[in-house]
Amino acid sequence: MNQPPGRTIFHIDMDAFFAAVEEKRNPSLAGRPVVIGGSGDPSKRGVVSTANYEARKYGIHSAMPLRVAFKLCPRAIFLPVDYEAYSEASRKFKSVLLSLTALMENAGIDEAFLDVTHLLESPESAAEKIKAGIKEKTGLTCSIGIAPNKLLAKIASDMLKPDGLTIINENDIEEKIWPLPIRKLYGVGPKTEEHLKGIGIHTIGQLAALPRETLIEHFGESYGQYLCDASHGIDESPVITHWEPKSISRETTFQEDVKNWQVIAKTLAALAKQVVADMRDDGCKAKTVSIKIRFSDFQTLTRAKTLTGHTDSEEEIRKTAFACLKRVNIEKRVRLIGVRATNLKKN
Ligand code: TTP
Ligand code: MG
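The letter at position 46 of the sequence shown is residue 45 when you use numbering that gives the first Met the number 0, and the numbering goes up by one with no holes.
Have a look at this one:
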């Protein structure tokens, strides 16, 4: 059977970013607790943007009122936020990433994802190059997570800080991801955390042990599906570069995994119809149609076909989706099927 090549995704996150920039331009701060926030005056209103690792030892963290931070460590150095300086450092570190590959997703002032699947050198050597380049251009350190998808790469970069390099493979999920608290899962905020704790779920592993249906009951269709996939380390989301056109897609997870080709075909036709309706709502046409198919063992395949011109014809999109489906050998039960239109053009 055709196996889709696995992806290699990096998540790069700068260490104690705002504080590190301040320490770099004022070396006398090194080794001392430093807190960045508001106007830098802890007697005034304002919250902590970040604290260096020295200050974190006192329990100081982002989003804490400056007043509280001052009580925890009165001898800390409090500094005002200087966005211009941090943006400048941010641009510099991202230019290092872009020198390796254009497939970069800007995920915030101090973080980015890279898709390095097609790089010739090993991921470890690419990561070391990035670290050295960032150190040279900015004098700062970062932590890098390497994984088959963005979700796991982001968890990985947080596992070893500062100056860490952590690799997570699909086989590591049970050992390395499942013991983690649910809050470490991207998309789980304080409200979801409280809800899950209320039903006795504290770790990602406990979440993964819940039936998909239970999660949908508690959190609704789309977020329930997301939590179930995420707890199993599944994340198909692509690294989105700023010039990449958006896509329009629809997918369905079957109530029960199906083998029946008629059911699969009917669902694919319905999804194609919905995608076309969405495209017409957005006033655009697509040139590429792809399908996604996930089997009961979570193996996931995608197939794409690019047409000779842009179209919003339901018949053409449906036929193209079926042409993609024909290229998949359906030997196992199917759990999910999806249709995506890309290469979009506004009417
Ligand atoms: P983070 O990457 O969350 O934190 P950090 O880089 O300071 O520390 P770590 O080594 O754990 O990655 O956020 C990046 C920057 O974003 C941080 O330096 C300051 C800013 N920030 C805020 O202004 N408010 C916040 O609540 C958070 C979390 C971050
Ligand atoms: Mg950071």
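Heads up, the beta-carbon is just placed ideally off N, CA and C, and yes, glycines get one too. Nothing here was measured: the structure is a model prediction, and the numbers come from that model.
Helix, strand or coil at residue i [DSSP, three-state]
i	result
CYS283	strand
GLU255	strand
GLU135	helix
CYS141	strand
LYS160	coil
LEU306	strand
PHE321	helix
ILE215	helix
ASN342	strand
ARG326	coil
GLU243	With a pLDDT of 46 at GLU243, under the threshold of 50, the modelled position of this residue cannot be trusted, and the question is left open.
GLU235	coil
PRO180	strand
SER289	strand
SER248	strand
LEU226	helix
ILE166	strand
LEU209	coil
Cβ pair residue i, residue j closer than 9 Å
i	j	result
GLU173	GLY199	no
VAL46	GLY58	no
ILE166	ILE145	yes
GLU21	ILE35	yes
LEU151	ALA125	no
ASP256	VAL333	yes
PHE77	PRO41	yes
VAL238	LYS93	no
ALA271	VAL327	no
ILE336	ILE263	yes
VAL95	LYS56	no
GLY5	GLU120	no
ASP296	ILE247	no
PRO180	THR7	no
ALA50	PRO32	yes
LEU164	GLU123	yes
SER230	LEU206	yes
HIS201	PHE218	no
ARG279	THR252	no
ILE292	THR299	yes
MET158	LYS175	yes
SER142	ASP162	yes
THR240	LEU139	no
ILE329	LYS258	yes
Counterpart residues of residue i in DSSP-defined beta bridges
i	result
PRO64	VAL46
ILE34	For the sequence presented, residue 34 should be read as Val rather than Ile. ALA50 and PHE77, per the DSSP bridge assignment.
MET103	LEU113
ALA146	ILE8
PHE294	VAL333
MET278	Paired residues: none, contrary to the question.
LEU300	ILE292
LYS202	Per the sequence shown, the amino acid found at residue 202 is Thr instead of Lys. The partner list for THR202 (beta bridge, DSSP) reads PRO180.
Inter-stretch contact (C-beta, 8 Å, three-pair minimum) for the stretch 277-293 and the stretch 330-346: yes
Sufficient close CB pairs (3 or more, under 8 Å) joining the stretch 78-94 to the stretch 8-19: With a cut-off of 8 Å on Cβ pairs, the stretch 78-94 is in contact with the stretch 8-19, counting three or more such pairs.
Those residues, in chain order, that have a beta-carbon closer than 5 Å to some heavy atom of the ligand MG: ASP12, MET13, PHE16 and ASP109
Inter-stretch contact (C-beta, 8 Å, three-pair minimum) for the stretch 67-79 and the stretch 110-118: no
Segment contact, 8 Å Cβ cut-off, at least three pairs: the stretch 321-338 with the stretch 297-312: yes
Three CB pairs or more closer than 8 Å across the stretch 224-233 and the stretch 184-195: The stretch 224-233 vs the stretch 184-195: in contact.
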